Amino acid sequence: MDGRIILKAIFFLVLITCSMTNAVLDAHYYDHTCPQAERIIFEAVHNASINDAKVPARLLRMFFHDCFIRGCDASILLDSTKGNQAEKYGPPNISVRSFYVIEDAKTKLEKACPHTVSCADVVAIAARDVVTMSGGPYWDVLKGRKDGRISRANETIGLPAPTFNSTQLIKSFAQRGLGVKDLVALSGGHTLGFSHCSSFESRLFNFSTSHEIDPSMSRDFGETLKKKCPKHNKDRNAGQFLDSTSSTFDNDYFKRVTVGKGVFASDQALYGDFRTKWFVESFARDQSLFFREFVASMIKLGNVGVIENGEVRLKCNVAN
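Residues in the sequence shown are numbered from 32 upward in steps of one, following the working numbering.
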């Protein structure tokens, strides 16, 4: 069956699921009110990515971190106010970057279609665009999200950590209505990205009384990482790409996990649990399968916590 037909079938299946959860989302939401919306967003994302190769991974991560806290409501974009520290300043989000790309797209959208396109939809569309631009699948993004007014740094404790084991990961995703397959498919988003040493160095030194390096990690890979991230490392930019084709959206991440080269403990944990291992192996063997399941899970993630009583912000970093 043609890949585009399969992706459209997945899209309509998830669309039905979304309507069953009373979420008011529609792929054609802006067809009449702002038909140029997706073109404007794409141009902003594309231009930024040309100038900074880190933008695609950052925008994909931004979407995930936004949806995982209060749902996909662009709360991650809000600045702190007097007496409140915003989400973007929570410990897991300190390294989230490239907010300027979303602001640039929003500024252009306000000129073309004032007070129409939500910041939450800009983040969702941008996430799709960076995947497609990097060689991954295309899908129709469901739209019509509203922007939230609440953003609290202390709520970022709910984000899954790179140190999580498989049981913790499964529980964390289940709390958002996402299953084991969603967990593994969305973890494949690590095919784009880079991690600083602080997120995985605990696996490299004095891991346990019997192992210097995490035994689930390839010994050779561990030694390579130790050279990049030595003890008492003072280079704040030191780290490791999460797969060997870090600017290309593909299934290399899964291939590396199967040979002990997952960078995060949470990555490698997916291969050590029977509940997740067979998905890892399936995606490592079949990139088309991974793409299909990634699309389905991204659409599902995009429907998490959709609010109907929010607003369309004029500026993404400030509530109206």
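Even for Gly, the Cβ is constructed at its ideal location relative to N, Cα and C.
Keep in mind it's a predicted model, so treat the numbers as computed, not measured.
Scanning its chain for C-beta atoms nearer than 6 Å, with the 5 sequence neighbours on each side dropped, one finds around Thr276 the residues Asp283, in chain order. Within the region 222-302, the complete beta strand (DSSP E) runs of at least 3 residues fall at 225-227, 270-272.
By the Cβ neighbour-count rule, Phe236 is exposed, with fewer than 16 other Cβ atoms within 10 Å of its own.
Within the model, the alpha-carbon separation for Ala88 versus Gly224 is close to 5 Å. Within the same chain, and ignoring the five residues on either side of Ser278 in sequence, the residues whose Cβ sits closer than 8 Å to its Cβ are Ala84, Pro87, Ser165, Leu223. Nearest to Arg316 by alpha-carbon distance, out of Asp110, Val326, Thr289, Gly336, is Thr289. Excluding five sequence positions before and after Asn196, the CB atoms of its chain that fall closer than 7 Å to its own CB belong to Ala300, given in chain order. Of the residues assessed, Tyr302 falls on the buried side of the cut-off, its CB having 16 or more other CB atoms within 10 angstroms. Relative to Tyr120, the option among Pro193, His221, Phe285, Ser182 whose CA is nearest is Ser182. In the three-state reduction of the DSSP assignment, Lys113 falls in the coil class. Following the DSSP letters along the chain, one finds Thr307 inside the alpha helix (DSSP H) bounded by residues 305-316. Asn334 is a Cβ neighbour of Cys103, given a cutoff of 9 Å.
Taken through DSSP and simplified to helix, strand or coil, Lys346 comes out as strand.
Look at the beta carbons and you see the region 172-189 touching the region 142-157: at least three pairs across the two are nearer than 8 Å. The region 203-216 makes no contact with the region 126-145; the number of CB pairs closer than 8 Å stays below 3.
Taking the Cα positions, Ser319 is about 20 Å away from Leu332. The shortest C-alpha to C-alpha distance from Phe94 to any of Ile71, Ile156, Val55 is the one to Ile156. Looking at Arg306, Gly220, Ala269, the one whose alpha-carbon comes closest to that of Arg92 is Gly220. Our two residues, Ile244 and Ile71, have alpha carbons roughly 47 Å apart in a direct line. From the listed residues Tyr169, Glu69, Asn124, Pro246, the smallest Cα separation to Thr187 is found for Asn124.
Distance check between Asp97 and each of Gly189, Lys346, Val162 places Gly189 closest, using alpha-carbon atoms only.
In this structure, Ser226 lies near Gly270, with their beta-carbon atoms less than 9 Å apart. Within the same chain, and ignoring the five residues on either side of Glu69 in sequence, the residues whose Cβ sits closer than 7 Å to its Cβ are Ile156. In summary, Lys262 is exposed, with fewer than 16 beta-carbon neighbours lying within 10 Å of its beta-carbon over all protein chains present. Sixteen is the threshold: when 16 or more other Cβ atoms of the shown chains lie within 10 Å of the Cβ of Arg234, as they do, the residue is buried.
If you draw a 10 Å sphere on the C-beta of Gly114, you find fewer than 16 other C-beta atoms in it, and that means exposed. Counting of Cβ neighbours within 10 angstroms places Tyr131 among the exposed residues, the total staying below 16.
Here the alpha carbons of Arg306 and Ser297 stand approximately 14 Å from one another. A residue is called buried when at least 16 other Cβ atoms come within 10 angstroms of its Cβ; Ser239 does not meet this threshold and is exposed.
Around the C-beta of Lys265, fewer than 16 other C-beta atoms lie within 10 Å, and the residue is accordingly described as exposed. Taking C-beta atoms under 8 Å as the contact rule, Val311 and Phe285 qualify, at a distance of about 5 Å.
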